[in-house]
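J.: This note's numbering puts the first residue of the sequence shown at 27, with every later residue one more than the last.
Quick reminder that beta carbons are idealized off the backbone N, C-alpha and C, glycines included.
For reference, the structure I am asking about is given below.
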Amino acid sequence: MQVNPTKRYYRAYKRYERKHYPMDYVDDCVEAILTNDKEFLAKHKDHPVGKNREMHVNRQYNDDWLLYYRIDKETHELILVLVALGTHDELDRFANM
């Protein structure tokens with residue numbers, strides 16, 4: 027599966043990195059999406075929001091830290107699009123994108 031991060035995702039990733047958030051948790055989430063680790067996804071509350079999906083990056087560290095993504099199936103290959111990274115308040119406007 028090909029991974030395609032958006033510019034918004036890159037900016038948010040860098041912002042959280044500067045704030046010294048443990049970015050290994052985000053990388054673990056992306057890996058779980060790629061491998062379809064159902065136990066990990068259930069633990070991190072992966073669920074649909076509009077045409078995107080949302081999961082909590084690390085509920086013990088900060089329950090308001092979210093990863094928005096979608097899997098495009100328009101072509102014959104699957105593409106994981108990392109849409110955004112942020113809090114519930116920051117990402118509410120992405121619910122209907």
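What are the start and end residues of the beta strand (DSSP E) that includes TYR23?
T.: Examination of residue 23 is not possible in this model, given that the chain is present from 27 through 123 alone.
J.: Taking 7 angstroms as the limit between beta carbons, can you name the residues of its chain near ASN122, skipping five residues before and five after?
T.: Taking the first residue of the sequence shown as position 1, residue 122 is located at position 96. Note that ASN122 has pLDDT 48, beneath the 50 cutoff, so the model's placement of it is unreliable and the number below is only indicative. Same-chain partners within the cutoff: GLY76.
J.: Quick one: residues in its chain with C-beta nearer than 6 angstroms to the C-beta of LEU108, no 5 flanking neighbours on either side, listed in chain order?
T.: Residue mapping note: residue 108 aligns to position 82 of the sequence shown, counting from 1. Excluding sequence neighbours, LEU108 sits near PRO31, TYR35 and TYR95.
J.: What ranges does the beta strand (DSSP E) occupy inside the segment 40-76, keeping only unbroken runs of at least 3 residues that lie completely in it?
T.: 73-75
J.: Going by other Cβ atoms of all chains shown within 10 Å of its Cβ, with 16 needed for buried, is LEU60 buried or exposed?
T.: Numbered from its first residue, the sequence shown carries residue 60 at position 34. It is exposed - the Cβ of LEU60 has fewer than 16 other Cβ atoms within 10 Å.
J.: Quick one: residues in its chain with C-beta nearer than 8 angstroms to the C-beta of HIS73, no 5 flanking neighbours on either side, listed in chain order?
T.: Locating residue 73 in the sequence shown gives position 47, counting from the first residue. Answer for HIS73: ARG79, GLU80 and MET81, listed in chain order.
J.: Using a threshold of 8 angstroms, state whether the C-beta atoms of TYR51 and LEU111 are closer than that.
T.: Numbered from its first residue, the sequence shown carries residue 51 at position 25. Numbered from its first residue, the sequence shown carries residue 111 at position 85. Contact: no.
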